[in-house]
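K.L.:
Per mature numbering (1 follows the signal peptide of the UniProt record, and there is no 0), the sequence shown runs over residues -21 to -1, 1 to 220. After the structure tokens below, expect a handful of questions from me.
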Amino acid sequence: MNYAYKSLALLICLFVNFAFAAEDHSTPVVPTPYKPGIAMTKSVQAGISPDQAINILKEGNSRFRAGTPLKRNLKSLISETALGQYPFASVVACIDSRSAPEIVFDQSIGDIFVTRVAGNIVNDDMIGSLEYASKVAGSRLIVVLGHTNCGAIKGACDGVQLGNLTGLLAKIQPAVIAAKSDGERSSKNYKFVNEVTEINVTDSIKTIRERSPILRELESQGKLKIVGATYYTSTGKVEWQ
């Protein structure tokens, strides 16, 4: 009986927290102009359009490539974001250690939502997370970020089978089949791998739109953009589709 009461109490707490978050993010607010490096508050988020969100990430990537990231007071950001989060963008990325979105876009605490899985594929759990990020928390942008020299893409190109990874790589096979590059259709062909990478990004975007009426509606209303990009591990540059 004790367990049942505890479970009920937990469910009530979760419901109240999500309800509060939805109400908090939907309440009208006077926008505050965005400035690089400031804490993302509700008013700052309210003033950022989907196109501006893209530009913020582009500018951040330029700083990253130049080796001039913003100097931030992380202690202050922790304090300012402690009671709520208002990220302006969400990024679906690979788990690759070289392509962390927060770093390559020069973002910090409270700036962006990030979901990561090998090969930057999407499933229902990740789409549900993106729905929360966009519909409830107010994120203006979803970026599916692929990257060059991706191990998951190479594995899919070579038909690798390895435990639970086999099922994950199978989700990339449609991109492998669709690629038209000349030459050997394996991980040894750099051009082929890069084409599969870009197609896989496009496929992930298509999956998000197909499986989420919520995100489709936000996009049709101009409140959200869903875009693709590729991070080049050799240069640090993000190329946008």
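Positions of the beta carbon are idealized from the N, C-alpha and C atoms, including for glycine.
1. For the beta strand (DSSP E) holding Y210, just list the boundary residues, first then last.
2. Could you have a look at E2 and say whether DSSP puts it in helix, strand or coil?
3. For the structure I just gave you, are there three or more beta carbon pairs, one from the region 140 to 149 and one from the region 76 to 91, closer than 8 Å?
4. Have a look at E2 and G63 and give me their C-alpha separation to the nearest angstrom.
5. Is there contact here, the region 94 to 109 with the region 66 to 81, by at least three beta-carbon pairs under 8 Å?
6. Provide the residue(s) that pair with E218 in DSSP beta bridges, ordered along the chain.
7. I believe I178 touches A208 by the beta-carbon criterion, under 8 Å. Please report the beta-carbon distance rounded to the nearest angstrom.
8. Look at V180 and K133 and say whether their C-beta atoms are less than 8 Å apart.
9. So, with DSSP's three-state summary, where would you put A25?
10. Are the C-beta of S108 and some C-beta of chain B separated by less than 8 Å?
11. Could you give the residue range of the beta strand (DSSP E) that holds T94?
P.N.:
Taking the structure as given:
1. K204 to Y210
2. Model confidence at E2 stands at a pLDDT of 46, short of 50, so the residue's coordinates are unreliable; what they give is reported in the following sentence. E2 falls in the helix class under three-state DSSP.
3. no
4. Only weak support exists for where E2 lies, its pLDDT of 46 falling under 50; the value from the coordinates is given anyway. Computed Cα separation, rounded: 13 Å.
5. yes
6. T209
7. Their Cβ separation, rounded to whole angstroms, is 14 Å, which puts I178 and A208 out of contact at 8 Å.
8. no
9. helix
10. Looking at the structure shown, chain B is missing, and only one protein chain is on hand.
11. I91 to R95
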